[in-house]
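Asks: Under UniProt numbering, think of the first position of the sequence shown as 1, with each following residue one higher. Yeah, the Cβ is synthetic: ideal placement off N, Cα and C, and Gly gets one too.
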Amino acid sequence: MTVCPRCHLEIPAAADTCDCVPAPPREPEPDRPAVPVYSENLRVDRDRAFTRHADERHTIR
Numbered sequence: 001m002t003v004c005p006r007c008h009l010e011i012p013a014a015a016d017t018c019d020c021v022p023a024p025p026r027e028p029e030p031d032r033p034a035v036p037v038y039s040e041n042l043r044v045d046r047d048r049a050f051t052r053h054a055d056e057r058h059t060i061r
């Protein structure tokens with residue numbers, strides 16, 4: 001038995017070639033808009049601002 005280079009299935013010795021149908025090539029994906037990277041510094045600043053806001057609210061009570 002041999003292995004088909006396209007579908008990687010075994011071809012019986014009685015058959016000369018594999019009867020697999022090659023998959024049509026996929027269309028290239030359209031360009032996606034760039035996604036902004038959320039940096040660690042922005043997260044830290046947001047957390048600090050939230051903590052500061054929470055502390056200010058807590059002292060009012």
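Rounded to a whole number of angstroms, what is the C-alpha to C-alpha distance between Arg43 and Pro33?
Replies: Distance between the alpha carbons of Arg43 and Pro33: 22 Å.
Asks: Return the residue from the list Ile11, Asp47, Val35 that minimises the CA-CA distance to Asp19.
Replies: Of Ile11, Asp47, Val35, the residue nearest in Cα terms is Ile11.
Asks: Whole angstroms is fine: what's the gap from Thr51's alpha carbon to Tyr38's?
Replies: Between Thr51 and Tyr38, the C-alpha separation is close to 19 Å.
Asks: Anyone know if the C-beta pair for Pro22 and Arg6 falls short of 8 Å?
Replies: Their beta carbons are under 8 Å apart, which means Pro22 touches Arg6 by this criterion.
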